[in-house]
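Let me begin by presenting the structure, written as structure tokens, before commenting on it.
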Amino acid sequence: MEYETLLWEVDEDGIGVLTLNRPDRLNAFTVKMTEELLEFLETADADDSVRAIIVTGAGRGFCAGMDLEGDEVQGDNVFGLPEDVDPYGPDAEKIRDLGGTVTLRLYRMKKPVIAAMNGVGVGIGATMTLPMDARIMSDKAKVGFVFSKIGICMEACSSWFLPRLIGMQNALDWTMSGEIQSAEAAKSAGFAAEVVPHEELLDAAKARARRYVKGTAAVSVAVNRNLIWRMAGARHPIEAHRADSRAMLDLSMGDGKEGVASFREKRAPEFAAKPSSDMPRGLDWDLAPPFMED
Amino acid sequence: MEYETLLWEVDEDGIGVLTLNRPDRLNAFTVKMTEELLEFLETADADDSVRAIIVTGAGRGFCAGMDLEGDEVQGDNVFGLPEDVDPYGPDAEKIRDLGGTVTLRLYRMKKPVIAAMNGVGVGIGATMTLPMDARIMSDKAKVGFVFSKIGICMEACSSWFLPRLIGMQNALDWTMSGEIQSAEAAKSAGFAAEVVPHEELLDAAKARARRYVKGTAAVSVAVNRNLIWRMAGARHPIEAHRADSRAMLDLSMGDGKEGVASFREKRAPEFAAKPSSDMPRGLDWDLAPPFMED
Amino acid sequence: MEYETLLWEVDEDGIGVLTLNRPDRLNAFTVKMTEELLEFLETADADDSVRAIIVTGAGRGFCAGMDLEGDEVQGDNVFGLPEDVDPYGPDAEKIRDLGGTVTLRLYRMKKPVIAAMNGVGVGIGATMTLPMDARIMSDKAKVGFVFSKIGICMEACSSWFLPRLIGMQNALDWTMSGEIQSAEAAKSAGFAAEVVPHEELLDAAKARARRYVKGTAAVSVAVNRNLIWRMAGARHPIEAHRADSRAMLDLSMGDGKEGVASFREKRAPEFAAKPSSDMPRGLDWDLAPPFMED
Chain A
1 MEYETLLWEV DEDGIGVLTL NRPDRLNAFT VKMTEELLEF LETADADDSV
51 RAIIVTGAGR GFCAGMDLEG DEVQGDNVFG LPEDVDPYGP DAEKIRDLGG
101 TVTLRLYRMK KPVIAAMNGV GVGIGATMTL PMDARIMSDK AKVGFVFSKI
151 GICMEACSSW FLPRLIGMQN ALDWTMSGEI QSAEAAKSAG FAAEVVPHEE
201 LLDAAKARAR RYVKGTAAVS VAVNRNLIWR MAGARHPIEA HRADSRAMLD
251 LSMGDGKEGV ASFREKRAPE FAAKPSSDMP RGLDWDLAPP FMED
Chain B
295 MEYETLLWEV DEDGIGVLTL NRPDRLNAFT VKMTEELLEF LETADADDSV
345 RAIIVTGAGR GFCAGMDLEG DEVQGDNVFG LPEDVDPYGP DAEKIRDLGG
395 TVTLRLYRMK KPVIAAMNGV GVGIGATMTL PMDARIMSDK AKVGFVFSKI
445 GICMEACSSW FLPRLIGMQN ALDWTMSGEI QSAEAAKSAG FAAEVVPHEE
495 LLDAAKARAR RYVKGTAAVS VAVNRNLIWR MAGARHPIEA HRADSRAMLD
545 LSMGDGKEGV ASFREKRAPE FAAKPSSDMP RGLDWDLAPP FMED
Chain C
589 MEYETLLWEV DEDGIGVLTL NRPDRLNAFT VKMTEELLEF LETADADDSV
639 RAIIVTGAGR GFCAGMDLEG DEVQGDNVFG LPEDVDPYGP DAEKIRDLGG
689 TVTLRLYRMK KPVIAAMNGV GVGIGATMTL PMDARIMSDK AKVGFVFSKI
739 GICMEACSSW FLPRLIGMQN ALDWTMSGEI QSAEAAKSAG FAAEVVPHEE
789 LLDAAKARAR RYVKGTAAVS VAVNRNLIWR MAGARHPIEA HRADSRAMLD
839 LSMGDGKEGV ASFREKRAPE FAAKPSSDMP RGLDWDLAPP FMED
């Protein structure tokens with residue numbers, strides 16, 4: 001995987017680090033970065049040797065949001081949107097916020113994704129972390145949902161993700177004020193799982209990733225991750241019951257047999273099922289219930 | 295705006311204070327107050343000179359709930375409900391809890407609304423604050439969802455709002471016990487954003503309101519506020535994507551151009567769009583997705 | 589009520605203690621225990637002399653999850669699932685995770701249910717507590733959503749319940765890692781309402797139960813409990829408005845009259861309505877909106 005705007009490195013445990021790599025622009029987001037991120041996520045999700053993904057930034061920023069000084073990269077509309085399409089008209093579905101295409105893909109990943117925020121993340125640099133499973137911040141990092149200060153609105157589905165992470169009162173406060181939050185404030189609100197000394201950031205992220213991949217069944221992690229994200233908006237627990245009953249039957253005949261055997265024999269399990277081919281039957285893991293397209 | 299049960303005063307920044315004004319009754323709620331609140335909210339929402347609304351109480355209470363000793367004001371049913379309508383029958387939709395008409399209107403306001411609780415708020419005096427964006431409590435204030443103690447049930451859609459603010463475990467505890475909560479307990483549960491010395495209450499509320507209106511685009515704040523409230527019950531982030539993509543395109547061609555220009559030119563922005571006329575096209579801001587009537 | 593796997597004792601206030609009673613197996617879950625739990629919940633819910641239910645474990649464990657060494661009790665599939673049913677096929681609805689049948693029943697109880705965790709609860713021993721209204725943990729108790737460590741997936745609708753209790757970030761962490769959590773970690777995440785010294789556990793649970801039943805109307809508590817659980821997944825507050833308007837009208841003509849009268853006369857109320865027969869008309873309390881079967 002070779003990219004213009006991204007770097008990728010994966011270790012022998014399957015824990016990879018994806019680096020947003022436009023350090024001279026504080027890793028500001030562009031149309032090119034969107035395309036490369038989508039391609040990366042698709043590839044990594046299909047590769048069973050990848051067990052967990054850490055996302056960080058090169059240099060002193062995490063991601064400075066859309067590159068507002070980058071017309072040459074992004075075309076007429078600085079946010080990459082088609083100004084000739086009528087939101088009232090028949091082509092309205094063609095209007096797709098770039099950040100949303102990335103967060104919707106992250107939402108249905110089969111691997112844990114951890115944001116390791118090394119510096120400032122604002123705009124899409126803040127919202128892209130919301131469908132990740134954990135956010136670890138350097139004590140030098142900050143985060144800002146600054147949309148109201150530049151006359152636009154919160155994007156990348158952040159109105160759905162943010163209150164589920166930090167609660168309604170914080171979500172309204174952060175996005176109506178548009179203010180930048182310190183790492184400590186972000187931890188206190190529930191945004192950051194951890195704040196660590198700057199130089200320990202990647203080690204902390206890797207230690208967390210290791211907790212998700214060592215001794216766990218990759219398909220179990222994938223199913224749990226997907227059940228939690230998909231049920232976050234479900235009307236009634238019966239929807240979880242329908243999904244988990246079928247997944248449990250399937251898993252109980254696969255890695256579950258090994259899990260039970262290793263438990264009885266007091267030895268470490270050796271799980272064999274692969275996310276690429278062995279996700280439970282009976283559920284379409286690429287769509288959300290009730291099978292709405294994304 | 296002249297009311298029997300309310301006072302209204304707005305400053306040059308567009309920050310207004312609405313005072314529930316029946317101090318001899320601890321501002322207890324009546325049918326008249328419901329009507330006046332609905333009229334007030336409609337008027338203030340349509341008035342672009344109003345940027346934020348603070349709600350407080352006159353005298354020593356915030357709002358003592360329905361006026362249980364006020365038959366003369368409220369008719370036969372002390373809660374203002376039509377006892378001759380059959381909840382099984384064809385007219386069931388005519389049964390509308392008074393508090394709910396107010397909270398549903400608050401839910402879709404285009405301006406930040408802040409509760410400045412100066413004293414006790416119980417019953418509708420507690421539930422009416424839930425669809426506001428922040429609650430600031432005087433250290434003398436208390437709050438109580440006391441319904442189970444008087445043989446009725448939680449109202450004003452509070453079963454929807456309360457757990458989204460304070461979590462399931464607290465919401466169940468507060469409403470099954472019917473107990474009054476101190477300001478500190480309310481802060482610890484996530485109900486109050488701040489608890490301040492009694493004499494600093496209005497200043498604290500105004501300082502918070504100023505954070506939402508100074509340097510921000512009024513339409514951006516309105517869109518963010520509405521997206522967050524509407525997506526709190528949405529099934530899938532794709533619903534946010536559909537809404538924010540269209541809103542973003544619209545805003546990127548309006549206040550967003552000024553926002554980007556001011557950012558590039560390192561100057562303060564001058565936003566021109568008005569909530570009364572310039573809300574993004576393609577979304578019906580008066581209805582919730584999927585366009586359910588309220 | 590006589591059971592093989594359960595003990596039940598109720599005091600004069602209607603506060604009962606249900607003890608999972610397989611202490612030599614750390615109260616591990618079996619098909620028999622599922623059947624007895626469902627029968628117990630049905631019976632207790634229909635018995636107006638029962639006002640609140642405390643669930644605890646006999647001996648040193650709370651519940652060690654499915655009895656993984658109990659083939660003789662559970663048949664071919666250690667999780668009690670029908671291996672001959674195709675999750676793709678027409679009989680897929682017959683696949684019902686055992687834990688889910690219990691948690692779905694708990695979800696619609698008319699009485700407060702409190703988990704008093706005396707020791708380790710893992711697997712279904714953890715997930716069965718989620719639709720209870722509060723969790724009190726002994727300082728010796730632990731909790732673990734260990735599914736990923738034995739090759740299966742989270743069950744008992746826990747993907748729906750868990751993030752609503754402890755937030756997305758904690759829920760993903762606990763279930764991807766499969767790690768056991770201490771009582772203190774469980775309190776800090778919002779899982780436990782209280783952690784108490786081991787010998788004070790049942791007293792603390794009873795004190796909490798008493799707060800829910802003393803001076804409260806049983807039907808009010810039942811309605812509030814059900815409204816909160818059912819609205820946790822509702823799209824829009826209008827759904828709460830439809831439900832609470834009708835319930836409020838009904839209650840205002842029953843226990844509400846006594847509540848208002850006792851308030852005016854400054855005396856203790858004597859509520860007469862019974863959950864078994866007097867739940868508000870116009871709502872089907874055995875089904876969830878929009879009347880989805882469970």
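Residue numbers (my numbering), protein chains in the order written: chain A, 1 to 294; chain B, 295 to 588; chain C, 589 to 882.
Glycine included, every Cβ here is placed at the ideal spot set by N, Cα and C.
Being a predicted model, the structure only gives us computed values, none of them experimental.
Amino acids of chain C, ordered along the chain, whose beta-carbon sits closer than 9 Å to that of residue i
i: B:Pro381; result: Ser833, Arg834, Ala835, Leu837, Asp838, Pro868, Arg869, Gly870 and Leu871
i: A:Ala316; result: Nothing about residue 316 of chain A can be read from this structure; chain A reaches only from 1 to 294.
Residue i versus the options, residue with shortest Cα-Cα distance
i: A:Val295; options: A:Ala247, A:Lys206, A:Arg211 and A:Val221; result: There is no way to answer for residue 295 of chain A, as the model of chain A reaches only from 1 to 294.
i: B:Leu301; options: B:Phe334, B:Met547, B:Glu329 and B:Trp468; result: B:Phe334
i: B:Ala534; options: B:Tyr401, B:Leu424 and B:Asn520; result: B:Asn520
i: B:Asn464; options: C:Thr763, C:Met742 and C:Asp721; result: C:Asp721
i: B:Ala410; options: B:Leu392, B:Thr397 and B:Ala477; result: B:Ala477
i: C:Glu657; options: C:Arg613, C:Ala792, C:Gly844 and C:Ile603; result: C:Arg613
i: B:Arg345; options: B:Arg575, B:Arg540 and B:Gly509; result: B:Gly509
Chain B residues whose Cβ lies nearer than 9 Å to that of residue i
i: A:Val78; result: Ser546, Gly550, Lys551 and Val554
Residues near residue i by beta carbon distance below 7 Å, same chain, minus five either side
i: C:Glu630; result: none
i: C:Ala634; result: Ser864
Chain A within 8 Å of residue i, Cβ atoms only
i: B:Tyr506; result: yes
i: B:Arg519; result: yes
i: B:Ile599; result: Lying outside 295 to 588, the shown extent of chain B, residue 599 of chain B is not represented and no answer is given.
i: C:Gly707; result: no
i: C:Asp882; result: With a pLDDT of 38 at C:Asp882, under the threshold of 50, the predicted position of this residue should be treated as unreliable, though the coordinate-derived value follows. C:Asp882 counts as touching chain A.
i: C:Glu623; result: no
i: B:Phe565; result: yes
i: B:Asp467; result: no
i: C:Tyr591; result: no
i: B:Arg260; result: No answer is possible for residue 260 of chain B: it lies beyond the span of chain B, which begins at 295 and ends at 588.
i: B:Ala428; result: yes
i: B:Pro376; result: no
i: C:Glu743; result: yes
i: C:Ala652; result: no
Partner residues on chain B for residue i, Cβ-Cβ distance less than 7 Å
i: C:Pro751; result: Those within 7 Å of C:Pro751 in chain B number zero; the least Cβ separation is about 10 Å.
i: C:Pro700; result: Met470
Neighbour flag for residue i against chain B, beta carbons, 8 Å
i: A:Lys187; result: no
i: A:Met168; result: yes
i: A:Ala288; result: Bear in mind that a pLDDT of 46 at A:Ala288, under 50, signals an unreliable position, so the model cannot answer this.
i: A:Ala141; result: no
i: A:Asp11; result: no
i: A:Met95; result: Before going further, note that residue 95 of chain A is Ile rather than Met in the sequence given. Yes, A:Ile95 lies at the interface with chain B (some Cβ there is under 8 Å from its Cβ).
Check: residue i C-beta below 7 Å from any heavy atom of the ligand NAP
i: A:Ala218; result: Absence of the ligand NAP is noted for the structure shown, with no ligands found whatsoever.
Listed by chain order, chain C residues near residue i by CB distance under 8 Å
i: B:Ser471; result: Arg799, Tyr800 and Thr804
i: B:Asp350; result: Note that residue 350 of chain B is Thr in the sequence shown, not Asp. Per Cβ cutoff of 8 Å: no residues; B:Thr350 is ~23 Å from chain C at best.
Contact with chain C by residue i, beta-carbon distance below 8 Å
i: A:Gly16; result: no
i: B:Ser514; result: no
Closer than 7 Å at the beta carbon, the chain A residues around residue i
i: B:Phe557; result: Leu68 and Ile150
i: C:Gly688; result: His241, Asp244 and Ser245
Cβ shell of residue i (< 6 Å), same chain only, five flanking positions each side left out
i: C:Tyr591; result: Glu624
i: B:Asp572; result: Val513
i: C:Pro717; result: Contrary to the premise, residue 717 of chain C reads as Thr rather than Pro in this sequence. Closer than 6 Å at the Cβ level, and outside the excluded window around C:Thr717, lie Ala703 and Arg723.
i: B:Asp481; result: Per the sequence presented here, residue 481 of chain B reads as Lys, with Asp not at that position. Contacts found: Val489.
Residues that residue i contacts on chain B, provided the C-beta gap is smaller than 8 Å
i: A:Ser159; result: Asn518, Leu521, Ile522, Arg524, Met525, Ala534, Ala537 and Asp538
i: A:Phe147; result: Ser514 and Asn518
Sequence-distant residues of the same chain with beta carbon closer than 8 Å to residue i, five excluded per side
i: A:Val77; result: Inspection of the sequence shows that residue 77 of chain A is occupied by Asn rather than by Val. Cβ neighbours of A:Asn77 beyond the five flanking positions: Glu83.
Whether or not the segment 53 to 63 of chain A and the segment 17 to 29 of chain A are in contact is what I'm after, with contact meaning three or more pairs of Cβ atoms, one per stretch, closer than 8 Å; do they touch? The segment 17 to 29 of chain A is in contact with the segment 53 to 63 of chain A.
Given 8 Å as the limit, is there contact between the segment 801 to 814 of chain C and the segment 696 to 711 of chain C, that is, 3 or more CB pairs closer than that? Contact between the segment 801 to 814 of chain C and the segment 696 to 711 of chain C is present, with at least three C-beta pairs closer than 8 Å.
For the segment 449 to 456 of chain B against the segment 853 to 869 of chain C, are there 3 or more C-beta pairs whose distance is under 8 Å? In short, these stretches do not touch, since the Cβ pair count stays below three.
Examine the Cβ distances between the segment 727 to 743 of chain C and the segment 252 to 264 of chain A and report whether three or more of them are shorter than 8 Å. The segment 252 to 264 of chain A and the segment 727 to 743 of chain C touch, with three or more beta-carbon pairs separated by less than 8 Å.
Report yes or no: do the segment 167 to 181 of chain A and the segment 482 to 502 of chain B share at least 3 C-beta pairs separated by less than 8 Å? Between the segment 167 to 181 of chain A and the segment 482 to 502 of chain B, the count of C-beta pairs closer than 8 Å reaches three or more; the two stretches touch.
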